[in-house]
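**Student:** Handing you this structure, nothing more for now.
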Amino acid sequence: MALSAEKQLEMLRTMQTIRRFEERASEDYIGGAIYGVVHCYIGEEAVATGICSALNIDDRIISTHRGHGHCIAKGADLNRMMAELYGRATGYCKGKGGSMHIADFSIGMLGANGIVAGGIPIVTGAGLAAQLEGKGQVAVSFFGDGASNAGPFHESINIASAWKLPMIYVCENNLWSADTEAKGTLALEDIAARAAGYGIPGVIVDGNDVLAVNEVAEAAIARARAGEGPSLIECKTYRQRTHTERKEAIDNRPAEQVAAWMERDPIKLFAADLIEREVMTEEDWKKMEEEIAQEVLDAVKFAEESPFPDPEEALVDVFAE
Ligand SMILES: Cc1ncc(C[n+]2csc(CCOP(=O)(O)OP(=O)(O)O)c2C)c(N)n1
């Protein structure tokens, strides 16, 4: 079914919000106002947006160490996200978690996770819960190419297939795991091919094409809601930034590879497509960019004006010592 103009514009807005939020987060991390590590999703926005725009608010997702995009696409509050990055008491984890621990159960965002592949079994549990609850919800696991080599991925996908859990496993294959090229550690060219070993569908999609991602998501979600079990979607994409934001831009990826993927920027491609199809005008796009820039400035202001957590509360909500 063709998406409405409104829905497509909403998707562009989500992608640009992720981009602008992270550009500012990177600046403030390098400038020293943000603590902890920041992993940017810039370049991969079409994946989270294409998938989450096919979900309902009560469907559940889990994210990774590169989690801002998934949070924003699922509807998280920018003020509380920015405050968390700034370590303030008004943040999602009261300023004690930072970039890799943002969660918002009220919108089905079960959390980012600093442990590579650590989120996959957790959200598979949410898939089991959805099956037991019987209300037709689905659960989505986002993870990287590196995570797809780890045991928790294989254990989770196996049991999800055996029990026909309403799961969608979304691999964001950005060709690199930190500074290691994915092809050096993958036994196969395509991660989607691993689905065959678990008796489920595995599809490859252009992860820089938000409409293509949305289309395959719709099919996988419909299958999961119908009780037919999980699917694996491999999104071929690329991160435009270094693995983490860095003061010195050390990047061991070939410059031609980076340049080629910059040409395929998912936001520029989608905005140009919407203008060409007359879904919006150049002016509409400029206005949308300005509105989003202002929302990010407002989030920064909210964070800056928020207090740091009280030192007396250092051990409150801490479950491990
Ligand atoms: C269990 C575990 N091993 C190693 C690390 C260190 N580490 C953090 S991110 C990362 C690379 C992950 O690559 P991938 O899953 O492809 O995700 P991407 O960073 O490309 O989005 C590694 C090795 C970790 N956080 N957790």
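Going by this note's numbering, the first residue of the sequence shown is number 3, and it counts up by one from there. All residues carry an ideal CB built from backbone N, CA and C; glycine is no exception.
DSSP state of ALA141, grouped into three classes?
**Tutor:** Looking up residue 141 in the sequence shown gives position 139. ALA141 falls in the strand class under three-state DSSP.
**Student:** Round the Cβ separation of VAL140 and ILE223 to the nearest angstrom and send it over; I've been treating them as touching at under 8 Å.
**Tutor:** As a working note, residue 140 is residue 138 in the sequence shown. As a working note, residue 223 is residue 221 in the sequence shown. VAL140 to ILE223, Cβ: 6 Å. Contact.
**Student:** Starting from the C-beta of GLY93, find all residues in its chain whose C-beta is less than 7 Å away, skip the five residues before and the five after it, and write them out in chain order.
**Tutor:** Position 91 of the sequence shown, counting from 1, holds the residue named residue 93. So the qualifying residues of the chain are ARG82, ALA85, GLU86.
**Student:** Do ILE122 and PHE145 come within 8 Å of each other at the CB atom, strictly closer than that value?
**Tutor:** Residue numbering aside, residue 145 sits at position 143 when the sequence shown is read from its first letter. Residue numbering aside, residue 122 sits at position 120 when the sequence shown is read from its first letter. A contact, by the Cβ cut-off of 8 Å.
**Student:** Contact between the segment 185-205 and the segment 261-269: three or more CB pairs below 8 Å?
**Tutor:** Counting Cβ pairs under 8 Å, fewer than three are found: no touch.
**Student:** Classify GLY129 as helix, strand or coil using the three-state DSSP reduction.
**Tutor:** For the purposes of this step, residue 129 is identified with residue 127 of the sequence shown, where counting begins at 1. In this structure, GLY129 counts as helix in the three-state DSSP scheme.
**Student:** Applying the criterion that 16 or more other CB atoms from any shown protein chain within 10 Å of the CB defines a buried residue, is ASP211 buried or exposed?
**Tutor:** Counted from its first residue, the sequence shown places residue 211 at position 209. Burial call: buried.
**Student:** With PHE310 and ARG90 assumed to form a contact (beta carbons below 8 Å), what rounded beta-carbon distance in angstroms separates them?
**Tutor:** Walking along the sequence shown from the start, residue 310 turns up at place 308. Walking along the sequence shown from the start, residue 90 turns up at place 88. About 6 Å separates the two Cβ atoms, so the contact holds.
**Student:** Say whether the segment 230-250 touches the segment 162-182, bearing in mind that this needs 3 or more beta-carbon pairs closer than 8 Å, one atom from each stretch.
**Tutor:** Because the criterion of three Cβ pairs below 8 Å is met, the segment 230-250 and the segment 162-182 touch.
**Student:** Is VAL318 closer than 8 Å to GLY209 when the C-beta atoms are compared?
**Tutor:** The count along the sequence shown starts at 1 and reaches residue 209 at position 207. The count along the sequence shown starts at 1 and reaches residue 318 at position 316. Cβ atoms of GLY209 and VAL318: not closer than 8 Å.
**Student:** Our contact map puts GLN18 next to MET290 with C-beta atoms below 8 Å; I'd like the distance itself, whole angstroms only.
**Tutor:** On the sequence shown, residue 18 is found 16 positions in, with the first residue counted as 1. On the sequence shown, residue 290 is found 288 positions in, with the first residue counted as 1. Sure, about 7 Å apart at Cβ, within 8 Å.
**Student:** Near ILE74, what residues of its chain come up, given a Cβ to Cβ distance below 8 Å and the 5 sequence neighbours on each side ignored?
**Tutor:** Looking up residue 74 in the sequence shown gives position 72. Closer than 8 Å at Cβ, skipping near neighbours: THR16, THR19, ILE20, PHE23, ALA50, LEU80, MET83.
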